[in-house]
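Quick note: the sequence shown uses our numbering, first residue 9, plus one each step. C-beta: ideal position from N, C-alpha, C; glycine also. Notes follow once the structure below has been shown.
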Amino acid sequence: MLSLVLGASFHAFELMLSAFITGLALGGLWIRRRIDRLADPVRFAGLVQVFMGLAALATIFVYHWTFDWMAWALGVLQRNDSAYPLFNLFSHALAFGVMLPATFLAGMTLPLFTQALLRGGRGERAIGQVYAANTLGAIAGVLLAVHVLMPTVGLKLAMVIGAATDILLGTWLLRYSQAASRRVHAFAAVIVGMLAATATARVAILEPERLSSGVFRYGQAAPEFGEVVFYRDGKTASVAVRGREGALSILTNGKSDAALRLDANQPPTQDEFTMTLLGALPLLIKPDAKTFANIGWGSGLSVEVALSHSGPVVIDTVEIEPAMVAGARSFSPRVDLAYRDARSHVYFEDAKSYFARHGKLYDVIMSEPSNPWVSGVAALFTTEFYRDTKRYLAPGGLFVQWVHTYDFNDRLFGSVVSALGENFADYEIYETNPGDLMVVAVAEGRVPRPKPLPESEAAFMEQLRRIGITRSEEIAVRSLGAKKQIGPLFTALGAPVNSDFHP
Numbered sequence: 009m010l011s012l013v014l015g016a017s018f019h020a021f022e023l024m025l026s027a028f029i030t031g032l033a034l035g036g037l038w039i040r041r042r043i044d045r046l047a048d049p050v051r052f053a054g055l056v057q058v059f060m061g062l063a064a065l066a067t068i069f070v071y072h073w074t075f076d077w078m079a080w081a082l083g084v085l086q087r088n089d090s091a092y093p094l095f096n097l098f099s100h101a102l103a104f105g106v107m108l109p110a111t112f113l114a115g116m117t118l119p120l121f122t123q124a125l126l127r128g129g130r131g132e133r134a135i136g137q138v139y140a141a142n143t144l145g146a147i148a149g150v151l152l153a154v155h156v157l158m159p160t161v162g163l164k165l166a167m168v169i170g171a172a173t174d175i176l177l178g179t180w181l182l183r184y185s186q187a188a189s190r191r192v193h194a195f196a197a198v199i200v201g202m203l204a205a206t207a208t209a210r211v212a213i214l215e216p217e218r219l220s221s222g223v224f225r226y227g228q229a230a231p232e233f234g235e236v237v238f239y240r241d242g243k244t245a246s247v248a249v250r251g252r253e254g255a256l257s258i259l260t261n262g263k264s265d266a267a268l269r270l271d272a273n274q275p276p277t278q279d280e281f282t283m284t285l286l287g288a289l290p291l292l293i294k295p296d297a298k299t300f301a302n303i304g305w306g307s308g309l310s311v312e313v314a315l316s317h318s319g320p321v322v323i324d325t326v327e328i329e330p331a332m333v334a335g336a337r338s339f340s341p342r343v344d345l346a347y348r349d350a351r352s353h354v355y356f357e358d359a360k361s362y363f364a365r366h367g368k369l370y371d372v373i374m375s376e377p378s379n380p381w382v383s384g385v386a387a388l389f390t391t392e393f394y395r396d397t398k399r400y401l402a403p404g405g406l407f408v409q410w411v412h413t414y415d416f417n418d419r420l421f422g423s424v425v426s427a428l429g430e431n432f433a434d435y436e437i438y439e440t441n442p443g444d445l446m447v448v449a450v451a452e453g454r455v456p457r458p459k460p461l462p463e464s465e466a467a468f469m470e471q472l473r474r475i476g477i478t479r480s481e482e483i484a485v486r487s488l489g490a491k492k493q494i495g496p497l498f499t500a501l502g503a504p505v506n507s508d509f510h511p
């Protein structure tokens with residue numbers, strides 16, 4: 009939820025985690041000073057569970073306004089290094105405002121359950137039993153929420169179901185407490201809780217326009233990005249497709265990952281240059297490439313371009329979020345080949361686990377994940393990832409990495425390229441548009457120069473002509489330099505190697 013307001017960066021995740029853990033700690037501290045004076049810990053735990061569910065339901069209503077509050081903050085603060093601590097402070101306050109009521113109550117539950125069991129004569133083993141049950145329940149809850157609830161009922165109803173479960177658990181505890189009026193309390197809790205859950209499900213509105221606004225980036229709670237033609241809360245992200253005037257953008261947690269025009273007769277978007285060249289450049293450098301792996305589906309255009317060439321025999325795309333592939337169908341007919349060509353295969357899993365599990369060798373591995381600052385995605389830009397991925401390149405194979413230059417400084421960019429350079433014998437950097445670069449790397453030897461354009465590949469050439477490429481020189485001129493020329497620059501900048509252990 010909060011990643012749609014605060015962003016999905018490492019810093020945003022740390023702020024959310026900090027607010028969550030602090031709420032638990034404060035709840036535990038509060039009950040610690042009172043728990044010994046409770047006449048009936050079970051009854052109190054039941055009330056805590058009920059109010060925790062109600063607090064979670066209230067969170068959904070509060071959440072609606074967090075987009076406006078974030079838009080206000082970005083309108084007041086300047087976007088520079090000096091204002092960044094204030095932005096983080098405000099983001100932390102938002103996270104606390106949303107999380108604190110429910111997490112404060114949640115922090116009381118384990119001490120209360122443990123106290124109830126100890127008073128019942130279960131001994132010190134009760135502590136281990138409670139924590140074991142809590143751990144197993146947390147694992148089961150995450151699996152249920154991620155793999156069942158979010159993809160099937162969406163963000164709001166998943167929250168409502170979770171809150172209703174809390175209320176029902178609290179009702180059960182009230183029913184089996186020692187209070188004389190336990191049945192009345194349990195009945196009242198059920199009635200109030202279910203009415204609140206039903207009202208929230210029917211009344212609370214989470215508009216796709218807000219959820220896909222990217223307010224943390226664009227500073228508007230409901231920007232004029234055009235009509236939302238697709239929205240889905242997926243297992244790992246919320247995916248939306250929005251557009252106007254014949255151009256569509258696919259957004260992950262509110263941040264645009266790809267944009268293109270549906271009418272191929274209209275001028276291309278800036279993103280089309282990058283996506284087209286990602287699919288085309290490997291075939292211009294290695295025309296005999298047969299087997300391709302593609303990390304990240306995006307709009308599907310890179311796969312479409314590669315499939316427009318007769319050379320590839322198979323293109324295996326590894327995409328962690330099924331909603332991304334579903335949403336990109338909105339770009340039809342521009343990417344129809346990526347979906348219906350028998351050479352195209354999609355695997356929904358983490359890229360690292362895919363390569364380790366399948367162990368296949370590829371002539372070309374194309375990597376086009378989202379931005380390196382995104383929590384989780386950052387692991388696809390590290391020296392450990394490049395070291396492992398290199399093992400799945402066939403002899404003479406190419407590794408092609410998209411890297412952006414916007415919202416980045418030279419040192420951070422250098423840390424990514426240095427990580428790649430640490431594991432590959434050579435690389436060459438190409439500029440695809442003013443905000444994107446492409447790094448072509450080889451495990452041995454030097455990166456070959458692009459071959460002449462294959463005029464016999466009519467569909468492939470049509471894709472290149474769309475972005476203004478009609479001669480081989482228009483590819484060569486995009487080269488910014490190879491490892492031998494550029495590597496020393498990053499060394500001089502003091503760019504550290506990006507690592508899983510030191511991101």
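With a beta-carbon spacing of about 7 angstroms, A314 and L291 fall inside the 8 angstroms limit used to define contacts.
Residues V450, A451, E452 and G453 of the same chain have their beta carbon placed closer than 7 angstroms to that of A433, with the five preceding and five following residues left out of the count. If you draw a 10 Å sphere on the C-beta of S99, you find 16 or more other C-beta atoms in it, and that means buried. Between L10 and M24, the C-beta gap is smaller than 7 angstroms, which places the two residues in contact. Beta-bridge annotation (DSSP): N379 is not paired with any residue. In this structure the segment 323-338 lies against the segment 236-251, because at least three pairs of beta carbons, one per stretch, are closer than 8 angstroms.
Rounded to the nearest whole angstrom, the CA to CA distance from D44 to N96 is 39 angstroms. Under a 10 Å Cβ-count criterion, N506 is classified as buried, with 16 or more other Cβ atoms of the shown protein chains found around its own Cβ.
In the three-state scheme derived from DSSP, where H, G and I count as helix and E and B as strand, F363 is classed as helix.
Taking C-beta atoms under 8 angstroms as the contact rule, F389 and A427 qualify, at a distance of about 7 angstroms.
In the DSSP assignment, K263 falls within the unbroken beta strand (DSSP E) covering K263 to R269. Secondary structure of D76 (DSSP, three-state): helix.
CA-CA distance, T391 to S220, rounds to 32 angstroms. Straight-line spacing of the CA atoms in F224 and G145 works out to 33 angstroms.
Three or more pairs of CB atoms, one per stretch, sit closer than 8 angstroms, so the segment 315-324 contacts the segment 291-304.
According to the DSSP assignment, Y347 belongs to the alpha helix (DSSP H) that extends over D344 to R348.
Comparing alpha carbon positions, the residue from V58, R337 and L163 closest to A266 is R337. Collapsing the DSSP output to three states places V447 in a strand.
A straight line joining the alpha-carbon of S352 with that of V343 spans about 12 angstroms. In the three-state reduction of the DSSP assignment, N441 falls in the strand class. Around the CB of T74, 16 or more other CB atoms lie within 10 Å, so the residue is classed as buried. Nearest Cα to V13 within the set L165, F281, S423 and L214: L214. Beta-bridge analysis with DSSP links F238 to V249. Distance from the Cα of V150 is smallest, within the candidate group G136, A166 and L32, for A166.
When only Cα atoms are considered, I68 and R87 end up about 29 angstroms apart. One thing to note: P456 has its Cβ no nearer than 7 angstroms to the Cβ of I258. Under the DSSP definition of a beta bridge, H353 partners with D324. Taking C-beta atoms under 8 angstroms as the contact rule, Q274 and G254 qualify, at a distance of about 6 angstroms.
At least 7 angstroms separates the beta-carbon of A64 from that of L181. Rounded to whole angstroms, V448 and G115 show a C-alpha spacing of 50 angstroms. Going by DSSP, H412 is part of the beta strand (DSSP E) stretching over L401 to H412. Per DSSP, reduced to three states, the secondary structure at D48 is coil, with no helix or strand assignment. Shown here, V372 sits in a strand according to DSSP, grouped into three states. With a 10 Å radius around the Cβ and a threshold of 16 neighbouring Cβ atoms, N142 comes out exposed.
Listed in chain order, the beta strand (DSSP E) elements of length 3 or more contained wholly in the segment 160-226 amount to none. Between G429 and the set H19, P276, G495 and Y239, the nearest pair of CA atoms involves G495.
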